[in-house]
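Residue numbers (the numbering used here): 46 to 134.
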């Protein structure tokens with residue numbers, strides 16, 4: 046049975062510009078079919094100062110990526126090990 050991806054799970058990006066990167070799931074956006082993974086797909090946002098206490102500037106944060114582009118790290122490692130053992134045989 047397949048394990049669902051939950052907040053806090055370690056995942057690996059399977060395709061795209063961030064292929065092979067690992068990170069922890071910070072947030073799941075079910076309606077959009079996307080997830081936010083820690084340290085993956087970093088973007089820069091230019092923010093305006095809203096008050097004297099809150100300063101403006103360039104803030105770097107994670108952007109959401111499609112759910113279909115990630116896999117649980119444990120499943121990914123098992124798959125890699127299986128491919129490695131069949132190639133050696």
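Here a beta-carbon is modelled for each residue, glycine too, at the ideal position from N, C-alpha and C. Keep in mind it's a predicted model, so treat the numbers as computed, not measured.
Cα-Cα separation, residue 135 to residue 78: A query on residue 135 cannot be resolved here, the shown segment of the chain reaching from 46 to 134 and no further.
Reduced DSSP category for residue 59 - H, G, I as helix; E, B as strand; rest coil: Residue state, collapsed to three classes: coil.
Residue interval of the beta strand (DSSP E) (run including residue 105): 102–107
Whole-number beta carbon distance between residue 48 and residue 112, since they are thought to touch under 8 angstroms: With 8 angstroms as the limit, residue 112 and residue 48 do not qualify as a contact, their Cβ atoms being about 14 angstroms apart.
Contacts around residue 128, its chain only, beta-carbon distance under 8 angstroms, and the 5 residues preceding and following it disregarded: none
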